[in-house]
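Visitor: Take a look at this one; I'll ask things after.
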Amino acid sequence: MGDNQGRAAEGHGSPAAAVFDALGAAYEQAFAASAAHRESLERLLAGLAPGSRVLDVGSGTGRPTAQTLADAGHRVLGVDVSPVMTALAARQVPGAEFRCADIRDFPLAEGEFDAVCVYFSLLQLERGEQTDLLERLVRSLRPGGLLVAATVPVDVAGVDGVFMGQPVRVSSFGAEEFTALVARAGSPWSGHTARCSPRTTRRANPSRTSSRTAGASDDAGLPLGTLHTLHPLAITKNKPNE
Numbered sequence: 035m036g037d038n039q040g041r042a043a044e045g046h047g048s049p050a051a052a053v054f055d056a057l058g059a060a061y062e063q064a065f066a067a068s069a070a071h072r073e074s075l076e077r078l079l080a081g082l083a084p085g086s087r088v089l090d091v092g093s094g095t096g097r098p099t100a101q102t103l104a105d106a107g108h109r110v111l112g113v114d115v116s117p118v119m120t121a122l123a124a125r126q127v128p129g130a131e132f133r134c135a136d137i138r139d140f141p142l143a144e145g146e147f148d149a150v151c152v153y154f155s156l157l158q159l160e161r162g163e164q165t166d167l168l169e170r171l172v173r174s175l176r177p178g179g180l181l182v183a184a185t186v187p188v189d190v191a192g193v194d195g196v197f198m199g200q201p202v203r204v205s206s207f208g209a210e211e212f213t214a215l216v217a218r219a220g221s222p223w224s225g226h227t228a229r230c231s232p233r234t235t236r237r238a239n240p241s242r243t244s245s246r247t248a249g250a251s252d253d254a255g256l257p258l259g260t261l262h263t264l265h266p267l268a269i270t271k272n273k274p275n276e
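When you read off a place in the sequence shown, starting at 1, and then add 34, the result is the number in this note's numbering.
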């Protein structure tokens, strides 16, 4: 959920920026050890040519995504809406480049990247914005490039809640709908689902909120504190060679 909601110059003042400015390194401590995330990164690394250009959307603290890719010799650009996260990432991962910006307004050239990573950074966007952004990201891939999109597949829209002590508003899609969304954004894909380890779930400090929106019952509650550990869905897809 690193780079999302609210437009403001260089990300300052947006709700998502406030959330992740407040979380800082605590976010990394909770989620950097995610086995599902690291498994997805290994799949990505296996498909990249040496020295690939990679965009990390919602780069957060730079760990594990940007660091893993930079350590493997790839050229990484991380974009995050939080100034605190961006500064932390720049210190921790000097081998990558980081920009503080709202990805919805960030200029993306067609065919600019060999791979694009979107690890849980759609969740604070409205559903229509998620669709539009995925289409832009696919256009930014070179022919044959890779898109990795990871989310929590729950059918909710505009749910207000608390994530690690911070107020958030979350929208997402069920697994089948999200898979179809990613497929419509580009081309053939292959996907897998994975659970994070119980250790990671405990460290995430779970909390619940009432869900008053279509697709979620009022009394069910969305476990926002464990949002990244709730059956995460990671899809890796190739843009076709043209």
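Where is the CB? At the ideal position from N, CA and C, for every residue including glycine.
1) With H, G and I counted as helix, E and B as strand and the rest as coil, what does DSSP make of P187?
2) Suppose the cutoff is 8 angstroms on Cβ atoms and the five residues either side in sequence are ignored; what does the same chain contact list for K273 look like?
3) So, is G96 buried or exposed, given that buried needs 16 or more other C-beta atoms within 10 angstroms?
4) Cutting at 8 angstroms between CB atoms, please list the residues of its own chain near R170, excluding the five before and the five after it.
5) With contact counted as at least three CB pairs below 8 angstroms, one residue from each stretch, are the stretch 130 to 142 and the stretch 103 to 122 in contact?
6) Out of curiosity, what's the CA-to-CA distance linking A217 and A124?
7) Could you tell me how far apart the beta carbons of V88 and Q158 are, in whole angstroms, since I believe they sit closer than 8 angstroms?
8) For G92 and A121, I'd like the C-alpha separation in whole angstroms.
9) Counting along the chain, where does the alpha helix (DSSP H) carrying D139 start and finish?
10) Going by other Cβ atoms of all chains shown within 10 Å of its Cβ, with 16 needed for buried, is D148 buried or exposed?
11) Quick test of your reading: A214 and P187, contact by CB under 8 angstroms. State the CB separation rounded to the nearest angstrom.
Guide: If we stick to the structure as given:
1) coil
2) V172, L175, R176, P177, G178, G179, L180, L181, G220, S221
3) buried
4) L142
5) yes
6) 33 angstroms
7) Incorrect: roughly 22 angstroms between the Cβ atoms, too far for contact.
8) 13 angstroms
9) Where D139 is concerned, there is no enclosing alpha helix (DSSP H), given that its DSSP letter is neither H nor E.
10) buried
11) At roughly 12 angstroms, the Cβ-Cβ gap does not stay under 8 angstroms, so A214 and P187 are not in contact.
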